[in-house]
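Reading through the structure tokens given below for one structure.
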Amino acid sequence: MRVLGIETSCDETAIAIFDTERGLLANQIHSQTEVHARYGGVVPELAARDHVRKLPLLLRAALSEASMSRHEIDAVGYTQGPGLQGALMTGAAFAKGLARVLNRPALGVHHLEGHVLAPLLEQPQPDFPFLALLVSGGHTQLIGVERLGGYTLLGESIDDAVGEAFDKSAKLMGLGYPGGAALSKLAEQGRRDALRFTRPMVDRPGLDLSFSGLKTAVSIAVASGHDHADVAASFEQAVIDTLVIKIKRALAQTGYTQLVLAGGVAANQPLRARLKTLMAERGGEVFYPPPILCTDNAAMIALVAALRMSRGECDASAGFEVRPRWPLVALSAQI
Amino acid sequence: MNILFLDSATEACTAGLWQNGEIFSHFEIAPRAHTKLLLPMVELLLLEAGLDFTQLDLIAFGRGPGSFTGVRIATACAQGMAMGLDIPVLGISSLAILAQAQVHELGQAALDFAHSNSAPAVIHAALDARMGEVYHAAFTVTTHSVVTLMGTERVVPPAVLLAEFALPTIHGHTIATGTGFGRYPELVRAKPWRSVLSDALPDARFALELAAAAPRSDWQNPADAAPVYLRDNVAQVKVDRTPIT
């Protein structure tokens, strides 16, 4: 089965084609970073406007990359939520219009389920159950993944997402927006123990996280004239240490031995390296997709659609209603 | 020729089918329910006409101006369908649709004006654009009973239109249509209109007349299908307040 995936939940327009036999055949992504950079954040209206401009071009490019005709598409999956409402609607309307005229089934997919299951696009694959750390600009969650569609939210950030903390701290250092990746780059030149930032909420029981205080600490350090590279390195270390402490607790609590790292921040190399060491020490395994499949993409959407459709699921309605606020755990309740 | 039209630019959700001159259409006032209604409405039309999607020659869509989200829903859905069928698209102005409806309201009298040597009738279409503005355009009627745009479509405060309406014109009958006139009654009082329809919203029936009359050179590749928002200052550049250290 060849599934076309469409992703428009935020500021990436993406179309991919996943073949259940041959794997990923096309993975087209258009990043709108430049559109939003001058505004210091994603402008929902501009994001939606750009999606409409790019969707037909990306569809053409994806079919061309896969050397396929549109008639060879067997099903269409699209991101139904969570995300920006106007942005989600463009992809949903495009997907449902396309699927209908091709007389193919369509399925609305949960964006975060896509992230959590993205490692299944590559080899080696994790086996269920596993622990997933979802870290992006919008989410920081520890999720117990029991099976396809079986998710338990173990803990999450009570304020800023990790990616958000990276971007905001980068902005404080004058690294522009979004500057999370630039901050990591700068951190390579700094001393990770130069400043002793608090590891937030580690002395409290439970698996919730908090990163807004860390951002404030960065602001104070920058204002008091510390070397930016040192601040960046110390900040990054504090984030990684905090995540590691919570991951250890989550592994102990669930008894799981496999860890999946997902979301845009999963592209962070020091975090990957640290978690690799951690899991090796524990005799477990860590899985993370290549960076291109960590950030928002349609391959993960096509994958989830393929997995769910192969067990008979598809949209009940012909409409294209979206779900801007849609907790991942709501999927567990459906089964 | 078979043309499908869909529009969700306003509170109205409307879709229609032109089958070699015969028109099938649906119209429903359904704020915030377009995503649910639009495609089922299209399905129903094809059933009524006994047509298959593959028999369509053109997908026409309400390209705005109107609700940004609504305009995008129709555009993206039209793009998806047209790409799946490998046929062209055609964007139809929501203001032109309103004006086209008035050609029927007026009947032969307006056409006589269009044909005669006297001053032509002018139809002013206005939709509420929120934020103290209206989308506005003026149209006249061609000999083929199809409206044609005079000047440009724009988004303006009602005061601008009030000032323009106060100027003497050489035009014949003037007609007002659209919710812009309902939202700002002073616009209705500003001129001795021959007729006013202040609650009019775009209806697929009239859009299809425009789509069918459009020359093939107006048909577009789905990748070139673009909404017309008119209002483009939708984001403000934030002044960076990062303390300089």
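First to last, the sequence lines map onto chains A and B. So the first sequence is numbered by the numbering used here: it starts at 1 and just counts up by one. So the second sequence is numbered by the numbering used here: it starts at 336 and just counts up by one. Every residue gets a Cβ at the ideal spot worked out from N, C-alpha and C, and that includes glycine. Computed from a prediction, not measured in an experiment: that's the story for all the values here.
**Asked** In chain order, what residues of the same chain lie with their CB nearer than 6 Å to the CB of residue 424(B), ignoring the 5 residues before and after it?
**Response** Here residue 424(B) corresponds to residue number 89 of the second sequence, with the count starting at 1. Hits under 6 Å: 394, 413, 417, 555, 557, 560.
**Item:** Residue-chain proximity (residue 101(A), chain B), Cβ-Cβ < 8 Å
**Value:** Locating residue 101(A) in the first sequence gives position 101, where the first residue counts as 1. Cβ-Cβ to chain B under 8 Å: yes for residue 101(A).
**Message:** Counting only C-beta atoms, is residue 59(A) closer than 8 Å to chain B at any point?
**Reply:** Taking the first sequence and counting its residues from 1, one reaches residue 59(A) at position 59. So, interface residue.
**Prompt:** What residue range is occupied by the uninterrupted beta strand (DSSP E) comprising residue 524(B)?
**Reply:** Taking the second sequence and counting its residues from 1, one reaches residue 524(B) at position 189. Annotation: residue 524(B) is outside any beta strand (DSSP E); the continuous alpha helix (DSSP H) that includes it extends over 520-524.
**Item:** Proximity test, Cβ basis, 8 Å: residue 580(B) and chain A
**Value:** Start at 1 with the first residue of the second sequence, and residue 580(B) comes out as number 245. With a pLDDT of 39 at residue 580(B), under the threshold of 50, the predicted position of this residue should be treated as unreliable, though the coordinate-derived value follows. Residue 580(B) counts as touching chain A.
**Request:** Assuming residue 237(A) contacts residue 192(A) (C-beta within less than 8 Å), just tell me the rounded distance between them.
**Result:** The residue given as residue 237(A) occupies position 237 in the first sequence. The residue given as residue 192(A) occupies position 192 in the first sequence. Right, the Cβ-Cβ distance comes to about 4 Å (below 8 Å), so this counts as a contact.
**Prompt:** What number of angstroms, rounded off, separates the C-alpha of residue 168(A) from the C-alpha of residue 183(A)?
**Reply:** On the first sequence, position 168 is the one that residue 168(A) refers to. On the first sequence, position 183 is the one that residue 183(A) refers to. Computed Cα separation, rounded: 10 Å.
**Message:** Against chain B, which members of the stretch 14-41 of chain A pass a CB distance test of less than 9 Å?
**Reply:** 36, 38, 39, 40, 41
**Request:** Might you give, ordered along the chain, the residues of its own chain that have their beta carbon closer than 7 Å to the beta carbon of residue 218(A), omitting 5 neighbours on each side?
**Result:** For the purposes of this step, residue 218(A) is taken as the residue at position 218 of the first sequence. Closer than 7 Å at Cβ, skipping near neighbours: 169, 172, 231, 235.
**Request:** Starting from the beta carbon of residue 90(A), find every residue of chain B whose beta carbon is closer than 7 Å, and list them in chain order.
**Result:** The count along the first sequence starts at 1 and reaches residue 90(A) at position 90. Neighbours of residue 90(A) on chain B, chain order: 407, 411.
**Request:** Could you check the C-alpha separation between residue 390(B) and residue 502(B) for me, to the nearest Å?
**Result:** Your numbering for residue 390(B) matches position 55 in the second sequence. Your numbering for residue 502(B) matches position 167 in the second sequence. Residue 390(B) and residue 502(B): Cα-Cα distance of roughly 50 Å.
**Request:** Kindly indicate which residue of 194(A), 188(A), 215(A), 241(A) has the alpha-carbon position closest to the one of residue 202(A).
**Result:** Mapped onto the first sequence, residue 202(A) falls at position 202. With distances taken between Cα atoms, residue 202(A) lies closest to 241(A).
**Asked** In terms of residue numbering, what span does the alpha helix (DSSP H) encompassing residue 328(A) cover?
**Response** As a position in the first sequence, residue 328(A) is number 328, starting the count at 1. Here residue 328(A) belongs to no alpha helix (DSSP H), and DSSP marks it neither H nor E.
**Request:** Look at the alpha carbon of residue 396(B) and the alpha carbon of residue 348(B), and state the distance between them as a whole number of angstroms.
**Result:** Within the second sequence, numbered from 1, the residue matching residue 396(B) stands at position 61. Within the second sequence, numbered from 1, the residue matching residue 348(B) stands at position 13. Distance between the alpha carbons of residue 396(B) and residue 348(B): 12 Å.
**Prompt:** Does any C-beta atom of chain B lie closer than 8 Å to the C-beta of residue 163(A)?
**Reply:** Residue numbering aside, residue 163(A) sits at position 163 when the first sequence is read from its first letter. No, its Cβ sits nowhere closer than 8 Å to a Cβ of chain B.
**Asked** What did DSSP end up calling residue 367(B) once you bin it into helix, strand or coil?
**Response** Within the second sequence, residue 367(B) is the residue found at index 32, counting from 1. DSSP places residue 367(B) in coil when its eight states are reduced to three.
**Item:** Among 507(B), 422(B), 490(B), the one whose alpha carbon lies nearest that of residue 551(B)
**Value:** By 1-based counting over the second sequence, the position of residue 551(B) is 216. The option with the nearest alpha carbon to residue 551(B) is 422(B).
**Contacts around residue 291(A), its chain only, beta-carbon distance under 6 Å, and the 5 residues preceding and following it disregarded** = Taking the first residue of the first sequence as 1, we reach residue 291(A) at position 291. Closer than 6 Å at Cβ, skipping near neighbours: 267.
**Rounded Cβ spacing between residue 481(B) and residue 544(B) (contact assumed at less than 8 Å)** = Working through the second sequence from its first residue, we reach residue 481(B) at position 146. Working through the second sequence from its first residue, we reach residue 544(B) at position 209. Sure, about 7 Å apart at Cβ, within 8 Å.
**Asked** Does any CB atom of chain A fall closer than 8 Å to the CB of residue 370(B)?
**Response** Taking the first residue of the second sequence as 1, we reach residue 370(B) at position 35. Put simply, the CB of residue 370(B) is near chain A, with a gap under 8 Å to one of its CB atoms.
**Item:** Nonlocal neighbours in the same chain, by C-beta distance under 8 Å from residue 84(A), ignoring five residues either side
**Value:** Numbered from 1 along the first sequence, position 84 holds the residue referred to as residue 84(A). Cβ within range, chain order: 9, 10, 42, 44, 47, 48, 324.
**Message:** Only counting the same chain, and skipping five residues up and downstream in sequence, which positions put a Cβ closer than 7 Å to that of residue 104(A)?
**Reply:** Locating residue 104(A) in the first sequence gives position 104, counting from the first residue. Cβ neighbours of residue 104(A) beyond the five flanking positions: 73, 74, 75, 76.
**Spatial distance of residue 458(B) from residue 511(B) (CA atoms)** = Counting from one through the second sequence, the residue named residue 458(B) turns up at place 123. Counting from one through the second sequence, the residue named residue 511(B) turns up at place 176. Residue 458(B) and residue 511(B): Cα-Cα distance of roughly 6 Å.
**Asked** residue 492(B) to residue 227(A), Cα distance in whole Å?
**Response** As a position in the second sequence, residue 492(B) is number 157, starting the count at 1. As a position in the first sequence, residue 227(A) is number 227, starting the count at 1. If you take the alpha carbons of residue 492(B) and residue 227(A), they lie about 52 Å apart.
**Request:** Please work out which residues of its chain come closer than 6 Å, Cβ to Cβ, to residue 257(A), disregarding the five sequence neighbours upstream and downstream, and give them in chain order.
**Result:** Reading the first sequence from its first residue, position 257 is the one you call residue 257(A). Within the same chain, residue 257(A) has close Cβ partners 284.
**Three CB pairs or more closer than 8 Å across the stretch 522-536 of chain B and the stretch 10-21 of chain A** = no
**Prompt:** For residue 52(A) and chain B, any beta-carbon pair shorter than 8 Å?
**Reply:** Translated into positions along the first sequence, residue 52(A) becomes position 52. Interface residue, yes.
**Prompt:** Taking just the CA atoms, how far does residue 147(A) sit from residue 109(A)?
**Reply:** In the first sequence, residue 109(A) corresponds to position 109, counting from 1. In the first sequence, residue 147(A) corresponds to position 147, counting from 1. About 16 Å.
**Message:** Between which two residues does the beta strand (DSSP E) holding residue 314(A) run?
**Reply:** Residue 314(A) sits at position 314 when you count from the first residue of the first sequence. Residue 314(A): not part of any beta strand (DSSP E); DSSP gives it neither H nor E.
**Asked** Ends of the alpha helix (DSSP H) at residue 169(A)?
**Response** What you label residue 169(A) is simply residue 169 of the first sequence in a count that begins at 1. Its alpha helix (DSSP H) spans residues 162-172.
**Message:** By alpha-carbon positions, which one of 31(A), 282(A), 305(A), 131(A) ends up nearest to residue 295(A)?
**Reply:** Position 295 of the first sequence, counting from 1, holds the residue named residue 295(A). The candidate whose alpha carbon is nearest that of residue 295(A) is 31(A).
**Request:** Return no unless some Cβ of chain A is closer than 8 Å to the Cβ of residue 537(B).
**Result:** By 1-based counting over the second sequence, the position of residue 537(B) is 202. No - not a single Cβ of chain A is within 8 Å of the one on residue 537(B).
**Prompt:** For residue 50(A), does the count of other Cβ atoms within 10 angstroms reach 16, so buried, or fall short, so exposed?
**Reply:** To locate residue 50(A), count along the first sequence from 1; it is residue 50. So residue 50(A) counts as buried.
**Asked** Secondary structure at residue 348(B), three-state DSSP: helix, strand or coil?
**Response** For the purposes of this step, residue 348(B) is identified with residue 13 of the second sequence, where counting begins at 1. Looking at residue 348(B) - three-state DSSP - the assignment turns out to be strand.
**Prompt:** In or out: residue 577(B) buried (at least 16 other Cβ within 10 Å) or exposed?
**Reply:** Numbered from 1 along the second sequence, position 242 holds the residue referred to as residue 577(B). Note on residue 577(B): pLDDT 47, under 50, position unreliable in the model; no value is reported.
**Request:** Would you list the residues sitting across from residue 463(B) in a DSSP beta bridge?
**Result:** Here residue 463(B) corresponds to residue number 128 of the second sequence, with the count starting at 1. 469(B), per the DSSP bridge assignment.
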